[in-house]
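K.L.:
The following block contains the structure, expressed as structure tokens.
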Amino acid sequence: MKTKTKIENGKTEFVEKTVYIDESGNKVTIKTMKVISEGQELTRSTLKVKGVEINTKLSVTEKINQNGDVSIKARLSTGEEQDITVMPDEALQKAIEELQTTEGFSIELKEIQEGERLNTVFKATAKKTGKILGVFNTAINLETLINTQTGEIVKTAKPWWAFLIIDQDTSEICHNQENKLTNMVVKITEVKAHIEHGDSIGECPETCGDGLKTDAEECDDENTLNGDGCSNFCKIENPCKCKDTICSLNEDIYFQTSEIGETSCECFSEPRDDWTKVMGCFSDPCACANTQCPSGEQIYSKVEVDEVLCECFSEPKPEWVRITSDNCPV
């Protein structure tokens, strides 16, 4: 168990993280964050198994009994603790089977009133679009509640005529293969397997600097710094395009890569924010232009003091600049 406490501006933030291996060999991660401010306490927890993470406003903890068995418990608003025996991956599969769609899909752990007592359930919501009888376009909101002890459907809310909607039995997922993200369309029945292997439901997020290259990015080196071969917009930098720029005495050439990958060149007498000094592009031709690379790899250069280093890589590397016919004659 790992804990972290942060006190700032009269607010106390407490984070507790527990990771263990269950009896089936699966990694279970429980993370609870409590924020105390002005006498009020706010709790947020996550429970993650087989790549499926579920959020909740309830406090979730791991308990070990006298036999050494581990159980997961959620604390209700009444203070009572209730066992969570159905895991997130099982709840996800049950919800998708019931709703038959993953469009706008979300799932959470919450408490509901059943008769005279509170119970925990997994609440899944989604949207279904299609054509009624194959003719009229329509969209409906769906919701299902799943018992956290038995895995049974407690209740499903949908229009009685939902069965008349004809839609595609597919789901869009974000496929993660060796840190490269790709949008894919798979059958509903295949979604759970993809999530267990690190994929996620819905379109891939386009977040530059997370180290996961999407189709819209030319590179992603886990940062948003300029001058390392991959710009803050995740475009490959070509500083050698500026090598013929003529500057006044006491000025140096600087380059900048735009959001659409275009290179701008300017002369400055001192460093400027978001501009990188051009170095190592003044050999004739560029020092690395004639480097021979194996199939599938490209030429990259790197300046160390006054020396230009040349290497071949299959993908962008921090501090290395790719040499192309656009920035150096090859």
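Numbering (numbering that gives the first Met the number 0), first residue to last: 0 to 329.
Every residue, glycine too, gets a C-beta built ideally from N, C-alpha and C.
All values reported here derive from a predicted model rather than from experimental measurement.
1. When we look at the beta-carbon of glycine 24 and count the other beta-carbons within 10 Å, is it buried (16 or more) or exposed?
2. Using CA atoms only, rank isn't needed, just tell me which of Thr45, Gly38, Asp21 is closest to valine 14.
3. Note the first and the last residue of the continuous alpha helix (DSSP H) segment covering tryptophan 215.
4. For the 8 Å Cβ check, are there 3 or more pairs between the stretch 218 to 236 and the stretch 315 to 325?
5. So the candidates are Glu96, Ser105, Thr149; which of them puts its Cα closest to the Cα of methionine 86?
6. With DSSP as the reference, please indicate the residues paired to glutamine 81 in a beta bridge.
7. What separation, rounded to the nearest whole angstrom, lies between the Cα atoms of serine 282 and glutamate 310?
8. Tell me the rounded alpha-carbon separation between threonine 11 and glycine 38.
9. Rounded to the nearest angstrom, what separates phenylalanine 104 and isoleucine 152 at their Cα positions?
10. How big is the Cα-Cα spacing for valine 18 and tryptophan 159?
11. Return helix, strand or coil for threonine 124, following the three-state DSSP convention.
12. Indicate the three-state DSSP secondary structure (helix, strand or coil) for isoleucine 165 in the structure shown.
13. Excluding sequence positions up to five away, which residues of its chain have a Cβ less than 6 Å from the Cβ of lysine 191?
14. If you follow the alpha helix (DSSP H) that glutamate 89 is in, where does it begin and where does it stop?
15. If you run the structure through DSSP and keep just helix, strand and coil, what is threonine 147?
16. What whole-angstrom Cβ distance do glutamate 217 and cysteine 233 have, given they're in contact under 8 Å?
17. Can you find at least 3 beta carbon pairs, one from the stretch 158 to 173 and one from the stretch 182 to 189, that sit closer than 8 Å?
P.N.:
By the coordinates alone:
1. Around the beta carbon of glycine 24, fewer than 16 other beta carbons lie within 10 angstroms, which makes this residue exposed.
2. Looking only at Thr45, Gly38, Asp21, the smallest Cα-Cα distance to valine 14 is reached by Thr45.
3. The sequence given here places alanine at residue 215; tryptophan does not occur at that position. Unbroken run through alanine 215: none, as it is neither H nor E.
4. Contact between the stretch 218 to 236 and the stretch 315 to 325 is present, because at least three Cβ pairs lie under 8 Å.
5. Comparing alpha carbon positions, the residue from Glu96, Ser105, Thr149 closest to methionine 86 is Thr149.
6. According to DSSP, glutamine 81 shares a beta bridge with Ala73.
7. For serine 282, the predicted structure reports a pLDDT of 48, less than 50, and the residue's modelled location is therefore unreliable. The matter cannot be settled from this model.
8. C-alpha of threonine 11 to C-alpha of glycine 38: approximately 10 Å in a straight line.
9. Taking the straight line from one Cα to the other gives about 17 Å.
10. Taking C-alpha positions only, valine 18 is separated from tryptophan 159 by approximately 43 Å.
11. Residue state, collapsed to three classes: strand.
12. Strand, per DSSP.
13. For lysine 191, where only same-chain residues beyond five positions count, the Cβ hits under 6 Å are Gln92.
14. Where glutamate 89 is concerned, the enclosing alpha helix (DSSP H) stretches over 87 to 98.
15. Assignment of threonine 147 by DSSP, reduced to helix, strand and coil, places it in the coil class.
16. Taking a contact as a CB-CB distance under 8 Å, the pair glutamate 217 and cysteine 233 counts as one, their CB atoms being some 6 Å apart.
17. Yes: the two stretches touch, three or more of their Cβ pairs being nearer than 8 Å.
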